[in-house]
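K.L.:
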Amino acid sequence: MYFTSIRKNIAVTIFFLSSSYSLAYAQTDPCSTLADMQSKSDATLFVGYGSGPSQKESDQNAQIDLARNIRQKVTASSAVEESNQETTLKASSKSVVSEILIGAKVLKRCPNNSSFSTVVTLEKANFISSLNEKLTTNIKKAVSLNKAISTAKTEEILAQQVESSKKFLADYQENFEADLELCKVYKGCANLNSENAIQELSELVAKQGDKDQYLLVTNEDKVSTALRENIITLLEADNIKIMDESVSEDSKNSKRKIRASCKAKVGSKIPGSNDRIVETTCTVEAYIGKQKKFRKVFSCKATADAEISTDDAVSSCSGRLQLE
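Numbered per mature numbering (1 follows the signal peptide of the UniProt record, and there is no 0), the sequence shown spans residues -24 to -1, 1 to 300.
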């Protein structure tokens, strides 16, 4: 039975091209009639209506409609908790307006002959309050990161704060302006302080943008030079940022350096042939000042013979180096 106590996770992704939406429910069941009446008569609520072949899909579609009526692009994740005595719906949303839709409730469920329908509501005051709280939290975080970058006493601390700020901006900067605009549309967020904190942090990170990067210094021998690009690819795949020397004016003065050295060792002939195994090893060590941060060793094996030179064997390792 559906009314047995359950907890179900629902994941939905919706994209809406229009910024406006008018409620127009087909008058085919009590829920659609209620949703239409509720949306017209109660200005304190957002209303969502949905139908589907199962109660779960009906609840899901009602949440989608609720989100749409708040005029947002949404990726909604919800959990429905239900018992015979009471029904509540909790929904969280992260989107271009990244507020959390806390307090959404199931107003009515209507089982029909071959389908189900649901009406959900959310108090506008609660919505605006949660959105204001989210924006306030992000502003405080931006102010804190700005201060941490400005007062960093060492390059290592500065690099850590720049990296944290980049991640924060990637997660929230795009959403912040849309969140703020929506909040003000609903006459909220009038008392927010430091609205420009995220923009100021973005500008500061742009100035200090290479402080979380390493300058890669490779030996100038043929083997190291041949495998330099492969080493960069491997490091970046491990989320280690490599400085572009041609772009950064501070590259030569950087205290954050990775030193890479590659060597090729030609083994004895393989019995019964003229082939030899060429083992290439690259040692990579990272430093901030004189402090070593990590050491990695990459290697590759290739075959050299009368037609394939040792240099060719080394070159064939480009793209095939593996972490030991």
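Don't be surprised by glycine CBs; every beta carbon is placed ideally from N, CA and C.
#1: Thinking just about the alpha-carbon of each residue, which of 278, 299 and 123 is nearest to the one in residue 290?
#2: Beta carbon of residue 34, beta carbon of residue 27: below 7 Å?
#3: Among 265, 262, 233 and 199, which has the Cα closest to the Cα of residue 240?
#4: So, using beta-carbon positions, are residue 384 and residue 107 closer together than 7 Å?
#5: For residue 7, which residues in the same chain have their Cβ closer than 6 Å to its Cβ, ignoring the five residues on either side in sequence?
#6: On a CA-only basis, which of 117, 102, 295 and 274 is nearest residue 257? Give me that one, please.
#7: Going by C-alpha distance, which of 287, 271 and 100 is nearest residue 202?
#8: Between residue 24 and residue 42, which are expected to be in contact by the criterion C-beta below 8 Å, what is the C-beta distance as a whole number of angstroms?
#9: Tell me, to the nearest whole angstrom, how far the beta carbon of residue 182 is from that of residue 119; I am working on the premise that it is less than 8 Å.
#10: Which residue marks the beginning of the alpha helix (DSSP H) containing residue 154, and which one marks its end?
#11: Is it right to say residue 246 is buried, meaning 16 or more other beta carbons lie within 10 angstroms of its own, or is it exposed?
#12: Do residue 331 and residue 188 have their C-beta atoms within less than 7 Å of each other?
#13: What number of angstroms, rounded off, separates the C-alpha of residue 59 from the C-alpha of residue 111?
#14: How close, in whole Å, do the beta carbons of residue 264 and residue 217 come, if the pair is a contact with beta carbons under 8 Å?
#15: Between the alpha carbons of residue 157 and residue 177, how many angstroms are there, rounded?
#16: How would you write the range of the alpha helix (DSSP H) that residue 6 sits in, first residue to last?
#17: Taking the beta carbon of residue 250 as the centre, do at least 16 other beta carbons fall within 10 Å, making it buried, or is it exposed?
#18: Excluding the 5 residues preceding and the 5 following residue 270 in the sequence, name in chain order all residues of the same chain whose CB lies nearer than 7 Å to its CB.
#19: Contact defined as beta carbons within less than 8 Å: I believe residue 190 pairs with residue 143. What is the distance between those atoms, to the nearest angstrom?
#20: If residue 206 sits next to residue 145, beta carbons under 8 Å apart, how far is it from one beta carbon to the other, in whole angstroms?
#21: Considering only residues of the same chain and omitting the five flanking positions on each side of residue 193, which have a CB-CB separation below 8 Å?
#22: In angstroms with no decimal places, state the Cα-to-Cα distance between residue 130 and residue 179.
#23: Residue 254: buried (16+ other C-beta within 10 angstroms of its C-beta) or exposed?
#24: Since residue 27 sits in a beta bridge, which residues does DSSP pair it with?
#25: In this structure, what does DSSP give as the bridge partners for residue 276?
#26: Return the first residue and the last residue of the alpha helix (DSSP H) that residue 116 is part of.
P.N.:
According to the structure shown:
#1: Checked all of 278, 299 and 123; the closest Cα to residue 290 is 278.
#2: At the C-beta level, residue 34 and residue 27 come within 7 Å of one another.
#3: The shortest Cα separation from residue 240 among 265, 262, 233 and 199 belongs to 199.
#4: Past the boundaries of the shown model lies residue 384; the chain is included only from -24 to 300, so the question cannot be answered.
#5: Excluding sequence positions up to five before and after residue 7, its CB lies within less than 6 Å of the CB of 84, 86, 93 and 95, all in the same chain and listed in chain order.
#6: Nearest C-alpha to residue 257: 274.
#7: Per the Cα distances, 287.
#8: Beta-carbon to beta-carbon, residue 24 and residue 42 are separated by about 3 Å, close enough to satisfy the 8 Å threshold.
#9: Not confirmed; about 17 Å, so no contact.
#10: Secondary structure note for residue 154: its alpha helix (DSSP H) is the uninterrupted segment 131 to 161.
#11: That one is exposed.
#12: Coverage of the chain is limited to positions -24 through 300, which leaves residue 331 absent and any answer about it impossible.
#13: Interpretation of residue 59 is limited by its pLDDT of 38, a score under 50 that renders its predicted location unreliable; no figure is taken from the coordinates.
#14: Residue 264 to residue 217, Cβ: 13 Å. No contact.
#15: One C-alpha to the other measures close to 19 Å.
#16: Residues 6 to 17.
#17: Here residue 250 is exposed: its Cβ has fewer than 16 other Cβ atoms, across all protein chains shown, within 10 Å.
#18: Only 262 meet the Cβ criterion.
#19: Wrong, their Cβ atoms sit about 18 Å apart, outside the cutoff.
#20: Incorrect: roughly 30 Å between the Cβ atoms, too far for contact.
#21: The answer, listed in chain order, is 233, 234, 235 and 236.
#22: Cα-Cα distance, rounded: 20 Å.
#23: Looking at its Cβ environment, which holds 16 or more other Cβ atoms inside 10 Å, residue 254 is buried.
#24: Paired residue(s): 93.
#25: As computed with DSSP, residue 276 is found in a beta bridge with 256.
#26: Counting along the chain, the alpha helix (DSSP H) containing residue 116 begins and ends at 100 to 126.
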